[in-house]
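2 protein chains.
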Amino acid sequence: MNSLDHQIIGLLSEDAKRSLADIGQHVGLSPSSVNERIRRLTETGTIRRFTVDLDPGKLDRSTLAFVWIALRDDADESAFRQYAVDHPLILECHHVTGSWSYLIKIRVGAITEVESFISDLKAHRFLGRSETVIALSSAVDGGFLRKNRL
Amino acid sequence: MNSLDHQIIGLLSEDAKRSLADIGQHVGLSPSSVNERIRRLTETGTIRRFTVDLDPGKLDRSTLAFVWIALRDDADESAFRQYAVDHPLILECHHVTGSWSYLIKIRVGAITEVESFISDLKAHRFLGRSETVIALSSAVDGGFLRKNRL
DNA sequence: AGTGAAAAAATATAAGT
DNA sequence: ACTTATATTTTTTCACT
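Below you can see the structure in the form of structure tokens.
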């Protein structure tokens, strides 16, 4: 991982459809060399995958909410984690420091879905207490490590 | 945006390097049709861009922190938002409901950088109060809207 | 909207420095 | 490691249904 790799990563995260030739021009390498570096970055796991950045609003997921969770004392924590992995609305679920045990980030179509989300947590007997925070607007979003963020 | 588009989006978000032919096989369309649908999804902004999912750990950004911010009473809020946009460590910055005004998500190489991050907020006279929560581990991460999350 | 065929472009491979 | 040249695959375009 040297400076060239960083540059390549920066260009790819900005637009992964750039051709190897185009990237090569920017960083001063031939297409084959760029190709080989991307292959290695992918192999070593620095690049996890090529993907698309989607607009949540266009996919009926305009509402962003953060839900703090305190698990029940008798909750099966590994079952909870698996539940989070499988849950279609949960984008992030972090075990955190502080007075809450987990911070969950969800995107839903409407605020009413937050309520059913929490009800479901209760029904599964995971939930002790919770507190929900709604995002009114986002100055920065995307969640990616981006070009100017490396 | 019909079911075929959703399927295509799902496949792309899983692996945006799949060929049009491959996607076509899965959804039952010709490569040209898939191409046309992806073109339209991109044009309408449903697909914002093609990008790469990077491993923060491999890029010296292993530490994930959430910083709750209450702005100073006299803070210039639009200046703060611009500061957030320009800041290299800030992955997300949301204006939120509740007793805090903003929730910021940052990824840093080491926990010590969180301190300098907050000092800088203070130096810019944005910060009233703040509270930092560190992620100890993540059951779900990535931040993308993913295949099974549409 | 979708298809199939042809053209254009991009990627992957291999031989040489 | 990188480059150039070649082979292969993919993407794009277009005439037609």
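Here the protein sequences come in this chain order: A and B. Using the numbering used here, you'd call the opening residue of the first sequence number 1 and step up by one each time. Using the numbering used here, you'd call the opening residue of the second sequence number 1001 and step up by one each time. Each residue gets a CB set at the ideal place from its N, CA and C atoms; glycine is no exception. No experiment lies behind these values; they were computed from the predicted model shown.
When secondary structure is reduced to three states using DSSP, A:Thr46 falls in the coil class, being assigned neither helix nor strand. Nearest C-alpha to A:Leu59 among B:Asp1060, B:Thr1044, B:Gly1057, B:Val1067: B:Thr1044. Taking A:Ser30 as the centre and dropping the five residues before and after it, the same chain places the C-beta of Gly24 closer than 6 angstroms to its C-beta, in chain order. Annotated three-state conformation of A:Arg107 is strand, per DSSP.
Remark: C-beta atoms of B:Leu1103 and A:Phe66 approach each other more closely than 9 angstroms.
Interface annotation, A:Ser137: in contact with chain B, CB-CB separation under 9 angstroms. Counting along the chain, no beta strand (DSSP E) covers A:Leu59, and no H or E run does either. Proximity of B:Thr1112 to chain A, defined by a Cβ-Cβ separation below 9 angstroms, is not satisfied. Boundaries around B:Leu1121 are those of the alpha helix (DSSP H), 1112 to 1123, since no beta strand (DSSP E) includes it. The beta carbons of B:Val1027 and B:Ile1047 sit no closer together than 9 angstroms. For B:Val1108, none of the residues of chain A pass the 9 angstroms Cβ criterion, the least Cβ distance being about 11 angstroms. Using a CB distance cut-off of 9 angstroms, B:Arg1040 does not count as an interface residue toward chain A.
In the DSSP assignment, A:Leu4 falls outside any beta strand (DSSP E) and within the unbroken alpha helix (DSSP H) covering 3 to 14. Put simply, the CB of B:Leu1004 is far from chain A, with every gap to its CB atoms at 9 angstroms or more.
Here DSSP, grouped into helix, strand and coil, assigns A:Arg129 to strand. Distance check between A:Thr97 and each of B:Asp1076, B:Leu1127, B:Arg1081, B:Ile1134 places B:Ile1134 closest, using alpha-carbon atoms only.
B:Ala1021 is bridged by DSSP to nothing; it lacks a bridge partner. With contacts defined as CB atoms closer than 9 angstroms, B:Arg1107 and B:Ser1062 qualify as a contacting pair. At a cut-off of 9 angstroms between C-beta atoms, A:Arg37 does not count as an interface residue with respect to chain B. Within the DSSP bridge table, the entry for A:Leu64 names A:Arg107 as partners. In this structure A:Val85 is in contact with B:Ala1139, their Cβ atoms being roughly 6 angstroms apart against a cut-off of 8 angstroms. Near chain A, meaning a CB-to-CB distance below 7 angstroms, the residues of the segment 1010 to 1032 of chain B are Leu1012, Ser1013, Asp1015, Ala1016, Lys1017. Between A:Leu91 and A:Lys105, the gap from beta carbon to beta carbon is short of 9 angstroms.
B:Leu1091 carries a strand assignment under DSSP once its states are collapsed to helix, strand and coil.
Setting aside the 5 residues that flank it on each side, A:Leu20 is surrounded in the same chain by Pro31, Val34, Asn35, each with a C-beta closer than 6 angstroms to its C-beta; the list follows chain order.
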